[in-house]
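Heads up: the sequence shown begins at 6 in the numbering used here, then just goes up one per residue. Glycine included, each C-beta is placed from N, C-alpha and C at the ideal position. Every value quoted in this text rests on a predicted model; they were computed, and no experiment measured them. For reference, the structure discussed in these notes is given below.
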Amino acid sequence: MSSVSVSPCAGIAGEISVAGDKSISHRAAIISALASGASSIEGFLRSEDCLSTLRIVEQLGAAVSESGGRISIQGCAGSMRSPEAQLDCGNSGTGMRLLAGVLAGQPFESILTGDASLSSRPMKRISQPLELMGAEVRLTGDRGTAPVTVKGARLKAISYELPVASAQVKSCILLAGLFAEGDTVVMEPKETRNHTELMLADAGADVSANGLTVTLKGGGIKRLKGMDWDVPGDFSSAAFWIVCAAAREGASVSLKDVGLNPRRTALLEALRRMGADIAVEAKGSGASEPVGDITVKGARLTGTEIGGAEIPNLVDEVPILAVAGALSEGRTVIRDAQELRVKESDRLSVMAKCLESAGVVVEETEDGMIIDGSASIKGGCAVESSGDHRIAMAMAVAGLCASDGIEVRDVDCVLTSYPTFWDDMNKVAEGCCG
């Protein structure tokens with residue numbers, strides 16, 4: 006399936022249980038592989054990205070099995086096996102950066118590779134702190150990119166101030182810190198996702214946060230124990246249906262058992278500023294995270310400004326927020342989002358071009374975009390996703406809400422994060438895809 010034609014849908018309604026959280030699935034596989042004893046993962050996201058990480062931990066010596074949809078992992082107690090081949094991360098930046106931290110503490114050399122998209126993403130941001138800790142890291146791609154060769158060593162703890170707000174870099178350092186002598190300290194410029202800290206603490210590591218500073222006590226690898234993880238629904242996947250319903254008067258969508266980590270849900274506040282009718286019902290927790298149901302009813306939205314400290318907590322939602330801006334009255338300004346230029350694509354540039362093709366007035370800026378909303382999208386066009394899953398899904402939602410249909414090209418990339426996307430789209434808008 007290289008392209009999908011999405012037709013406008015008169016009504017948006019339904020109930021969806023989105024697939025498991027991508028970020029948590031990665032971490033559950035890695036932490037379980039490092040721990041002493043057996044772990045199980047319920048709700049593991051069977052996307053291409055997460056399956057790449059699962060295959061790699063198996064290459065590194067963890068025993069992986071599956072029964073009835075539940076993943077079981079027998080951990081290596083921190084002592085992994087030297088791989089016989091290169092470790093292919095596919096399209097997963099999360100997998101590559103987190104696994105580099107793990108491999109920095111192993112007594113062997115290994116090579117992390119990825120597809121063309123992943124091999125264009127910056128990796129100096131992880132090589133620098135890992136080398137400070139004592140590992141040898143070589144970036145053999147162009148411009149400090151993958152393949153990444155990691156020669157592990159006896160690590161020493163560092164106190165490191167992140168130059169950019171990145172949960173992946175923070176997690177890389179903390180995972181390396183499990184093997185380091187002394188206390189590892191990471192200081193963030195802004196709050197980012199804290200899944201790694203929460204899950205390491207649940208698995209037995211001594212990790213604490215004080216404002217923007219995270220501290221991991223030395224000897225953490227000896228404390229990790231097997232866990233039973235219950236992965237909640239992925240908020241970033243739910244975001245597409247939240248926006249789809251919020252921007253359509255008369256629409257109504259319910260999303261069940263979604264992860265509600267407050268460092269992931271800044272989209273909700275942004276949409277509420279725009280006038281969205283969103284209700285959240287807390288239901289408990291899963292994999293160290295709060296979980297609940299989200300009900301969205303369509304309303305007339307108005308533009309807003311999105312930037313500053315909220316960007317790291319909605320960075321994956323910027324493409325679909327741009328669609329919300331196009332479906333709103335007035336101007337929506339997205340700023341401080343320059344990190345999106347080094348994702349699976351240059352998301353700012355690609356998204357701006359897609360919206361322009363669909364008849365939206367949009368100005369690309371150095372760190373974001375300005376969208377002149379008219380509460381409508383013309384459509385009647387074909388757009389290129391540039392192999393970026395979040396752009397492909399955002400423009401598919403735009404097609405549902407357009408005056409005329411939109412053909413979205415290069416959609417196989419959706420499998421990297423949300424393999425049931427098209428099925429879920431048909432649940433809320435029957436007969437929209439051709």
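Please report how far the alpha carbon of residue i lies from the alpha carbon of residue j, in whole angstroms.
i	j	result
Val440	Gly255	Outside the shown range of the chain (6 to 439) lies residue 440, about which nothing can therefore be said.
Glu310	Leu92	41 Å
Ala434	Ser408	15 Å
Gly378	Leu306	10 Å
Gly73	Pro13	37 Å
Arg253	Leu332	8 Å
Ala162	Arg143	20 Å
Ser37	Val367	45 Å
Leu205	Leu229	8 Å
Cys81	Pro112	14 Å
Gln79	Thr421	25 Å
Ser10	Ser77	39 Å
Gly441	Ala251	Lying before the first or after the last residue shown, residue 441 is absent from the chain, which here runs from 6 to 439.
Ala68	Ala43	9 Å
Ser84	Thr145	26 Å
Ala210	Leu179	10 Å
Ala214	Ser97	27 Å
Ala314	Val301	25 Å
Ala403	Ile382	7 Å
Glu274	Leu137	38 Å
Val413	Leu353	17 Å
Ser391	Gly223	43 Å
Leu405	Val174	36 Å
Ala181	Met430	40 Å
Asp54	Thr197	21 Å
Glu63	Gly225	22 Å
Gly373	Ile316	11 Å
Val355	Glu369	10 Å
Candidates the options: which alpha carbon is nearest residue i's?
i	options	result
Thr337	Val153, Ile375, Thr154	Ile375
Ile15	Thr425, Gly410, Pro424, Ala397	Rather than Ile, the amino acid found at residue 15 in this sequence is Ala. Nearest of Thr425, Gly410, Pro424, Ala397 to Ala15, Cα basis: Gly410.
Asp86	Gly95, Gly74, Ile61, Asp93	As written in the sequence, residue 86 is Arg, which differs from the Asp given in the question. The residue with the shortest Cα to Cα distance from Arg86 is Ile61.
Cys386	Ala43, Leu167, Ala363	Ala363
Ala170	Ala275, Asp341, Ala214	Asp341
Ser3	His200, Glu322, Ala243	Beyond the ends of the chain as shown, which are 6 and 439, falls residue 3; an answer cannot be given.
Leu59	Gly313, Tyr165, Met279, Ala34	Ala34
Ala135	Val191, Leu56, Asp54	Just to set this straight, residue 135 is Leu in the shown sequence, not Ala. Among Val191, Leu56, Asp54, the Cα nearest to that of Leu135 is on Val191.
Ile339	Leu276, Val301, Thr300	Leu276
Gly187	Glu193, Ala208, Arg159	Arg159
Asp298	Ala304, Ala284, Leu103	Ala284
Glu322	Val219, Leu65, Gly66, Cys249	Cys249
Ala287	Gly308, Lys432, Leu265	Leu265
Val419	Lys432, Asp207, Ala401	Ala401
Ile101	Ala380, His31, Val355	Note that residue 101 is Met in the sequence shown, not Ile. Closest option to Met101, Cα to Cα, is His31.
Ala185	Gly384, Leu65, Ser164	Ser164
Gly66	Glu53, Pro88, Ala181, Gly335	Pro88
Asp428	Glu53, Ser242, Gly157	Ser242
Ala380	Gly308, Lys432, Val355, Glu369	Gly308
Ala208	Gly384, Leu103, Leu183	Leu183
Where does residue i land, buried or exposed, given buried means 16+ other C-beta within 10 angstroms?
i	result
Thr99	buried
Ala281	buried
Lys227	exposed
Glu389	buried
Arg269	buried
Lys129	exposed
Glu202	buried
Ala172	buried
Gly312	exposed
Asn318	buried
Met28	Looking at the sequence itself, residue 28 is Ser, so the reference to Met does not match. Burial call: buried.
Pro267	exposed
Asp147	exposed
Glu1	There is simply no residue 1 to check, as the chain begins at 6 and stops at 439 in what is shown.
Glu371	exposed
Ala121	exposed
Would you grab the beta carbon distance between residue i and residue j for me? Rounded to a whole angstrom, and I think it's under 8 Å.
i	j	result
Ile325	Phe245	6 Å
Arg51	Pro424	7 Å
Ala109	Ala90	That belief does not hold up - the Cβ atoms of Ala109 and Ala90 are roughly 19 Å apart, past 8 Å.
Ser176	Gly106	7 Å
Ser8	Val416	6 Å
Gly95	Ser57	4 Å
Leu272	Ile247	7 Å
Leu221	Pro194	At roughly 19 Å, the Cβ-Cβ gap does not stay under 8 Å, so Leu221 and Pro194 are not in contact.
Val263	Phe240	6 Å
Val320	Glu344	6 Å
Say the cut is 8 Å; is the CB of residue i nearer than that to a heavy atom of the ligand MG?
i	result
Asp233	Here there are no bound small molecules, and the ligand MG is not part of this structure.
* To do: State whether the region 344–362 contacts the region 120–133, with contact taken as three or more CB pairs (one from each stretch) at a distance under 8 Å.
  => yes
* the region 232–247 in contact with the region 47–56 per 3-pair CB rule at 8 Å -> The region 232–247 vs the region 47–56: in contact.
* Is it true that the region 143–160 meets the region 111–122, where meeting means three or more beta-carbon pairs spaced less than 8 Å apart? -> Judged by Cβ distances under 8 Å, the region 143–160 makes contact with the region 111–122, as three or more pairs qualify.
* Asked: So does the region 245–264 actually touch the region 8–26, counting three or more Cβ pairs closer than 8 Å?
  -> yes
* Specify whether the region 354–361 and the region 390–402 touch according to this definition: at least 3 beta carbon pairs, one from each stretch, less than 8 Å apart. => yes
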